[in-house]
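The next block holds one structure in the form of structure tokens; read it before the comments.
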Amino acid sequence: MSKTIILALLATYMISITLAASNSPTCSSHLAFAKAKNVLTNVLQSDSKGKSKNEALQKQFQNAKPANRTAADLGVCSQYANQNSCCDKNMVKLIDNAALLKVKPILQSKSAFQKLVSVYVTQVNKNCSNTVLPSTPLTFDAIFANTTLKVLQANKTAQATCRINFAKAISSFTRGALCSICAGVEKINDYFNAQGQLKVSQSSVSTFLQSTDQAISCTASFFTPSNIELIVKELNAAYIKNNDKCGANVLDNIKTIFANPKISNDDGKGGKICKGTTIFGDNSSCENILQGDASLEKKLRLLRAEEEEINRLLQASPDAVIDPNGVSVYTTSNSDNQIDETGNGISPSFDQISTNQAIQLAFASILMSVFILLI
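Numbered according to mature numbering (1 follows the signal peptide of the UniProt record, and there is no 0), the sequence shown spans residues -20 to -1, 1 to 355.
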């Protein structure tokens, strides 16, 4: 075969690729990716491996050629199987791990229950003299780890389940939102309305609402006056000598402080804080509910800015709307089995995620080499 014919075939091939790309919807203009990429970046910023994988895979995503993907290809994002997706197995693995990593800082923040113990330490030191206290200064860690405190430990174990279930709901919701970037390029415009809001299914939003509602109500149940009294009286008996009267002051003060810990999904306007319609925006007002009111530990003068920020978040416009033909934004995964109360058990696996486009690069390199040799 002559050089002229080979060059002509190569030129025809390259032109056909260019024309195909120019006449088809592209991954770089994918509506969901435009909204979700910042979520991915923000979540993975704290993990060096995750950050580098994310940067590489986002570039690959935008340059990818949409391809029909099977359920096996799309894993946890398999609701978009048999569509011309810009995702591959590696992007799906990144999404799965990002959803898991999302809840780690939430769990590592001090919960309202942990604040109860911290407040106890503060109140004891404030109201009781050293003569009626242990020689070793009281600390949060020592009390929280004291297995002889049966009432405290029973409450600690029970509320941990509520907290874990809440984190799983947030992770599933995040995963469902991020999976929307795997929607086929031929379908994605159908999943957004004229206002740019993602159309989401009622069933997935309902599951999110039910899961968060139950976890929040479960946590709030530990802060009834009677339960607080049981916990504090056990602590007083363990740490205050001779049933000193300062213990009564400690109990009264803690009851006052926790009279309204603000562990509620009620936004005060007849709606929910965890609405299920803030998909790509700041959802921290929902994510931080189990931390309770900021005033539980902080000085009042520091709270005004925080209250204004919370109000701003609650007033933010939703970026999703419930629609009969909407996508699911609640996607569970076996990865969430890592979730524990402290978040310390969460260890995303980025080593199994490949960012190597060796096959494509090798093919392009071969074509270029042949072209150069023939010139």
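Where is the CB? At the ideal position from N, CA and C, for every residue including glycine.
Please read all numbers here as calculations on a predicted model, not as lab measurements.
- The continuous beta strand (DSSP E) containing I302 extends over residues A300 to I302.
- Here the alpha carbons of C198 and E209 stand approximately 18 Å from one another.
- The straight-line gap separating the alpha-carbon atoms of E214 and A125 is approximately 14 Å.
- Closest in alpha carbon position to A79, among S334, N317 and N336, is N317.
- Cα atoms of K82 and T111: separation of roughly 46 Å, rounded to the nearest angstrom.
- Under the DSSP assignment, L231 falls in the alpha helix (DSSP H) whose first and last residues are C226 to I237.
- Rounded to whole angstroms, the separation of the alpha carbons of I259 and T335 is 27 Å.
- Looking at the DSSP output, D246 bridges to K252.
- DSSP places L178 inside the beta strand (DSSP E), whose first and last residues are L178 to V180.
- In the displayed model, S152 falls within a helix according to three-state DSSP.
- Per the DSSP secondary-structure output, F172 pairs in a beta bridge with L178.
- For V97, the enclosing alpha helix (DSSP H) stretches over residues A92 to N107.
- Between the C-alpha atoms of V56 and T311 there is a straight-line separation of about 7 Å.
- Counted as a single uninterrupted DSSP element, the alpha helix (DSSP H) harbouring A218 occupies residues P205 to Y219.
- In this model, F202 and T50 are separated by some 46 Å (Cα to Cα).
- Relative to the Cα of Q88, the nearest Cα in the group I144, D193 and P5 belongs to I144.
- About 4 Å separates the beta carbon of C66 from that of C7, a gap short enough to meet the 8 Å contact definition.
- When the five nearest sequence neighbours on each side are left out, the beta carbons in the same chain lying within less than 8 Å of the beta carbon of L129 are those of I123, E214, L215 and A218, in order along the chain.
- N222 has its alpha-carbon roughly 13 Å from the corresponding atom of A228.
- One thing to note: A163 has its Cβ within 8 Å of the Cβ of Y60.
- The DSSP-derived three-state label of A47 is strand.
- Excluding residues up to 5 positions away in sequence, Q318 lie with their Cβ nearer than 7 Å to the Cβ of S327 in the same chain.
- Proximity to T116 across I220, T192 and K235 peaks at I220, based on C-alpha coordinates.
- Contact fails between the region 183 to 198 and the region 34 to 49, because fewer than three Cβ pairs, one in each stretch, are under 8 Å apart.
- For I75, the uninterrupted alpha helix (DSSP H) segment begins and ends at K69 to K82.
- As far as DSSP is concerned, V131 takes part in no beta bridge.
- Using a Cβ distance threshold of 8 Å, A14 and L178 do not count as a contacting pair.
- Per DSSP, the unbroken alpha helix (DSSP H) holding I123 starts and ends at F120 to F124.
- Under the 10 Å beta carbon count, E267 is surrounded by 16 or more other beta carbons and is classified as buried.
- No residue range can be given for A61, since it is assigned to no alpha helix (DSSP H) and is classified by DSSP as neither H nor E.
- Per DSSP, V23 is one residue of the alpha helix (DSSP H) stretching across L11 to L24.
- Of the residues assessed, G323 falls on the buried side of the cut-off, its CB having 16 or more other CB atoms within 10 angstroms.
- Going by C-alpha positions, V72 is about 47 Å away from K235.
- Here A195 is actually not in contact with I243; their C-beta atoms are around 10 Å apart, not less than 8 Å.
- Around the beta carbon of P241, a 10 Å sphere encloses 16 or more other beta carbons of the protein chains shown; the residue is thus reported as buried.
- Sixteen is the threshold: when 16 or more other Cβ atoms of the shown chains lie within 10 Å of the Cβ of D76, as they do, the residue is buried.
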